[in-house]
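Numbering (the numbering used here), first residue to last: 5 to 525.
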Amino acid sequence: MTQVGEGQEAEETSPAVVTFGAPSVGELLAERYELVEHINNDSAGRLVWRGVDVILRRPVAVVLRYPGGDSATEMLQAAVAASRVIHPNLVGVYDAIDEDDRAYVVREWVDGQSLREIVAADGPMDPTRATAIGNAVASALAAVHATGMVHGNLHPGTVMISDDGRVVLADARTDGADSQESDLRAVGGVLYFALTGHWPHGEAPLHGATAGHGRAALPDAVRDASGAIAAPRQVRAGVPAYLDDLTMDLLDPEIAPPSSDVLAAELSRLDIPADEQFLEQAGPLRFTADPGEEPSPLAAAGGRRVAMGIAGLLAVALIGLLIGVNALGGGDDGDKEPVAQPSSSAPAGGGSSEAAAPVRKLTIQDVRVIDPDSGDRAEVRDAEKVMDGNDDEGWETQTYRNNGKFGGLKKGMGIWIDLGAPHTVKSLQASLSSTGASAELRAGTNGEFPSTSKGDKDLVAAYPTVIGQPFEDHDGTTMTFNGFDPSQKYQYLLFWVTELPKKDDGSGWKLGVQEITVQGS
5 MTQVGEGQEA EETSPAVVTF GAPSVGELLA ERYELVEHIN NDSAGRLVWR
55 GVDVILRRPV AVVLRYPGGD SATEMLQAAV AASRVIHPNL VGVYDAIDED
105 DRAYVVREWV DGQSLREIVA ADGPMDPTRA TAIGNAVASA LAAVHATGMV
155 HGNLHPGTVM ISDDGRVVLA DARTDGADSQ ESDLRAVGGV LYFALTGHWP
205 HGEAPLHGAT AGHGRAALPD AVRDASGAIA APRQVRAGVP AYLDDLTMDL
255 LDPEIAPPSS DVLAAELSRL DIPADEQFLE QAGPLRFTAD PGEEPSPLAA
305 AGGRRVAMGI AGLLAVALIG LLIGVNALGG GDDGDKEPVA QPSSSAPAGG
355 GSSEAAAPVR KLTIQDVRVI DPDSGDRAEV RDAEKVMDGN DDEGWETQTY
405 RNNGKFGGLK KGMGIWIDLG APHTVKSLQA SLSSTGASAE LRAGTNGEFP
455 STSKGDKDLV AAYPTVIGQP FEDHDGTTMT FNGFDPSQKY QYLLFWVTEL
505 PKKDDGSGWK LGVQEITVQG S
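Laid out in structure tokens, this is it:
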């Protein structure tokens, strides 16, 4: 089992690492992390061990690099950046330490295998499973991109599938060699690999990968004489047309990719149980090119109809314009794939229409502290600081004694948010003062509750809908929620804190909410 993106499993016959300060079984790092078993070596000069956090008694992965100092700066910076983004589909990063002669990163241990290992052992995946993996990866990227960062190292070796089926993305980089667009192109590569067992970018391994490691170890895609890759449907029977088109559009340099949150929403829409699928016959809406338009070489080589662009495809799909999907099979030529006719909201033959609203930062009209279990209302002040654009100031709780459950005095506290009008919401991000808090995001349809203990109790009771997965005892200072239903509109949200982190000096439990931002249209 690999625990690092460009690693290969260590063999019993592998030569021992000969370097000053090399780790050994049973060694205790930082007086906390006990090394248990050597798992990987990788082409970037790192060693991967399975370990145990002896304080929290949980398994961890420990990635070591020799030496530390300047040579390990990129690895440590990437770890620090990754620790600030918490998402169910991202590997959690717990610690990053530089000891000069060596540096190491401590992160979540994943019992499972990489996508590369699974496909190598079992062959290409069925379309339903490939879609689910693409959805998880795009959702993780949406959380990363919402902070302005780039993953920069997405390929089948960094996509981990745990034994319980959870898909997690690991091994981010911050060396500036990639962009958000290249992350999105890589999602297409992951889909292509899952469907065919081939990697469409195999001819250009990055970050010093050598034979037998990471991307360079993946079989290249089938190509024609001009170098254009074959579409998944040409490589393997049974790939639905909608998934074939989506994958090839992401890989086509002539088609601008959508933002990661839009892509995640579209893959989420396609990621439905097999017994409910109807998309083999009616996938996302696509548009034919103008009659005089020359198809791109990649589209021609792939045998696909020319699309006007995936951004338009997804924008239309996301606003629910599924008009006419039952008519997709029309046409006289039965040997060609059906193409959707343009809906009334899409330009056709040179016509014009109103474009879908772009994703942007939404204006928060009002905020309020919700404190249903307090009589003195002492903590309901300063709510406006969470929307002032200043991360250095925010709303904070009092210090509670005994435990992080508000000292046993409260079930929780939160920030109520009014967007002023219903909006399609893509994500909400909460910036916190420290790590270790637990919280969830709720939604409601009524904002008319008085700012009293009873009014707050009634509001909490009226907000039953939980958006996405709650963050429980997380190790970052940023929480990103992007589980919004693209077919729904939201005006009232409740960021609900259920457990406080312990203060650094150990004197009690306290949390500050520095800033809350909402993205949508």
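Glycine included, every Cβ here is placed at the ideal spot set by N, Cα and C.
The model shown is predicted, which means the values in this text are computed figures rather than measured ones.
Task: Beta-carbon gap between residue 243 and residue 131 smaller than 7 Å - done: For residue 243 and residue 131, yes; Cβs fall inside 7 Å.
Task: Reference residue 377; option with closest CA among 368, 445, 456, 80 - done: Out of 368, 445, 456, 80, the CA that lies nearest to the CA of residue 377 is found in 456.
Task: Beta carbon of residue 265 nearer than 7 Å to that of residue 430 - done: Taking C-beta atoms as the reference points, residue 265 and residue 430 count as a pair closer than 7 Å.
TODO: For residue 516, collect the residues of the same chain with a Cβ closer than 6 Å to its Cβ; drop the 5 residues on either side in sequence, then sort them by chain order.
DONE: Around residue 516, the same chain offers 398, 400, 437 as residues with beta carbons nearer than 6 Å, after the five sequence neighbours per side are excluded.
Task: residue 91 (DSSP reduced to helix, strand or coil) - done: It is coil, neither helix nor strand.
Open item on the list: On the DSSP bridge list, what partners appear for residue 69?
Closed with: In DSSP, residue 69 forms a bridge with 50, 107.
Task: Nearest to residue 481 (by Cα), restricted to the options 449, 494, 519 - done: It is 519.
Task: Residue of 204, 271, 450, 372 minimising C-alpha distance to residue 239 - done: Of the listed residues, the one whose Cα sits closest to residue 239 is 204.
Task: Short Cβ contact (7 Å threshold) for residue 73 with residue 104 - done: Their beta carbons are under 7 Å apart, which means residue 73 touches residue 104 by this criterion.
Task: Residue closest to residue 441, alpha-carbon to alpha-carbon, out of 38, 167, 388, 479 - done: Minimum Cα distance to residue 441 is reached at 479.
Open item on the list: If distances are taken between C-alpha atoms only, which option among 183, 165, 27 comes closest to residue 69?
Closed with: Here the closest residue by C-alpha is 27.
Task: Nearest neighbour of residue 63, chosen from 79, 122, 37 [CA to CA] - done: It is 37 whose Cα lies nearest to the Cα of residue 63.
Task: Contact between the segment 160-175 and the segment 224-231 (3+ Cβ pairs under 8 Å) - done: Of all C-beta pairs linking the segment 160-175 to the segment 224-231, fewer than three are shorter than 8 Å, placing the two stretches out of contact.
- [ ] Could you check if residue 407 is buried or exposed, using at least 16 other CB atoms within 10 Å of its CB as the buried criterion?
- [x] Burial is judged here by how many other beta carbons sit within 10 angstroms of a residue's own beta carbon; residue 407 has fewer than 16 and is exposed.
Open item on the list: According to DSSP, simplified to helix, strand and coil, what is residue 261?
Closed with: The answer is coil: DSSP assigns residue 261 none of H, G, I, E or B.
TODO: Verify whether the separation of the beta carbon atoms of residue 222 and residue 187 is less than 7 Å.
DONE: Contact: no.
TODO: Pair every Cβ in the segment 457-472 with every Cβ in the segment 385-396, then say whether three or more of these pairs are closer than 8 Å.
DONE: The segment 457-472 makes no contact with the segment 385-396, as fewer than three CB pairs between them are under 8 Å.
TODO: Return the bridge partner residues of residue 164 from the DSSP annotation.
DONE: Beta-bridge pairing links residue 164 to 118, 172.
Task: Three-way DSSP call (helix, strand, coil) for residue 81 in this model - done: Here residue 81 sits in helix by DSSP.
Task: residue 447 vs residue 419 beta-carbon contact at 7 Å - done: No, the Cβ-Cβ distance between residue 447 and residue 419 is not below 7 Å.
Open item on the list: Let me make sure I understand the geometry here. Which of 184, 191, 137, 202 has the alpha-carbon closest to that of residue 170?
Closed with: Check the Cα spacing between residue 170 and each of 184, 191, 137, 202: the tightest is with 137.
TODO: With distances taken Cα to Cα, identify the nearest neighbour of residue 494 among 79, 90, 426.
DONE: Ranking 79, 90, 426 by Cα distance to residue 494 puts 426 first.
Open item on the list: Please tell me whether residue 142 and residue 191 are closer than 7 Å, where the distance is taken between their beta carbons.
Closed with: Contact flag set, yes.
Open item on the list: Once the 5 residues before and after residue 200 are set aside, which same chain residues still bring their CB inside 6 Å of it?
Closed with: The residues are 128, 236, 239, 240.
- [ ] Please work out which residues of its chain come closer than 7 Å, Cβ to Cβ, to residue 84, disregarding the five sequence neighbours upstream and downstream, and give them in chain order.
- [x] Shown here for residue 84: same chain residues with a beta carbon closer than 7 Å to its own, the five before and five after excluded, namely 100 in chain order.
- [ ] In the DSSP assignment, find the beta strand (DSSP E) that holds residue 518 and state where it starts and stops.
- [x] Counted as a single uninterrupted DSSP element, the beta strand (DSSP E) harbouring residue 518 occupies residues 516-524.
- [ ] Just mark residue 509 as buried or exposed, buried being the case when its beta carbon has 16 or more other beta carbons within 10 Å.
- [x] By the 10 Å Cβ count, residue 509 comes out exposed.
Task: Limits of the unbroken beta strand (DSSP E) element including residue 419 - done: From DSSP, the beta strand (DSSP E) with residue 419 extends over 417-427.
Task: Burial state of residue 454 (16 or more Cβ within 10 Å) - done: With fewer than 16 Cβ atoms within 10 Å of its Cβ, residue 454 is classed as exposed.
Task: When 155, 198, 269 are compared against residue 248, the one with the closest alpha-carbon - done: When only C-alpha atoms are compared, the closest one is 198.
Open item on the list: With a threshold of 6 Å on Cβ separation, who are the neighbours of residue 513 within its own chain once the five nearest residues in sequence on each side are excluded?
Closed with: Residues of the same chain with a CB within less than 6 Å of the CB of residue 513, apart from the 5 flanking positions on each side, are 404, 408, 504, 506 in chain order.
Open item on the list: Whole angstroms are fine: how far does the CA of residue 82 sit from the CA of residue 536?
Closed with: In the structure as shown, the chain begins at 5 and stops at 525. Residue 536 is therefore absent and cannot be evaluated.
Task: Reduced DSSP category for residue 42 - H, G, I as helix; E, B as strand; rest coil - done: Residue 42 sits in a strand when the DSSP states are folded into three classes.
Task: residue 541 to residue 39 span [Cα, whole Å] - done: Since the first residue shown for the chain is 5 and the last is 525, residue 541 is missing from the structure and cannot be characterised.
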